[in-house]
Each structure stands twice: as structure tokens, then as C-alpha cells.
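Using the UniProt record's numbering, you'd call the opening residue of the sequence shown number 1 and step up by one each time.
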Amino acid sequence: MKKDQKRTYHNIETLQEIKESRKEIQNARVEVQSIREDVMGEKMDIIQGMYKSGMSIEKIAEIVHLSPDVIKGMVEIEKKA
């Protein structure tokens, strides 16, 4: 095999490895996004339960470390649904 052929073969292998790595990274990103959505859904359920039990929006915001405006938005989404 000539020197140029070896270099070309090596470059093709490297490109394939890069392509596979990118695919793995993209799959990991999709998985992380899915987990985030699951966590936010669970957090939203908990927040709505706290609100329904009579806890004030300010107290809920303090507990879950979100602003009261965000909590109000989550509660309003539940009311509309």
C-alpha cells in the first residue's frame, strides 16, 4: 500500500469515528432532554399538588427555588387543562 493510500485510509477511519461520536453525543442530548421533560413534569405535578393543598404560591416558590411568577404560570396551565 502506498503512503498516500495509507493516509487516505486513516483519514476515512478518523472521519467515521468522528461521525459515530457525533451520533453518540446527539443520542445523549436527546436522552438528557427527555429526562429534563420527565423531571419538569414530575416537578409540575408536585407544585400543583402543593397549590391544591392550599399552600401559598410564595411558599411553593421558596421551596422549589423558582420565582413566584413561574409558579403562577404552572398553576394557570393546570387550570386551563
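A virtual CB, placed ideally from N, CA and C, is assigned to each residue, including glycine.
Distance between residue j and residue i (C-alpha atoms, nearest Å)
i, j, result
"residue 20", "residue 10", "15 Å"
"residue 69", "residue 29", "29 Å"
"residue 23", "residue 63", "38 Å"
"residue 32", "residue 46", "21 Å"
"residue 55", "residue 39", "21 Å"
Cβ distance (whole Å) where residue i is taken to contact residue j below 8 Å
i, j, result
"residue 35", "residue 57", "Contact flag wrong, Cβ pair sits at about 27 Å."
"residue 67", "residue 61", "6 Å"
Close Cβ partners of residue i (< 8 Å) along its chain, the five nearest in sequence each way excluded
i, result
"residue 65", "none"
Nonlocal neighbours in the same chain, by C-beta distance under 7 Å from residue i, ignoring five residues either side
i, result
"residue 44", "74"
"residue 26", "none"
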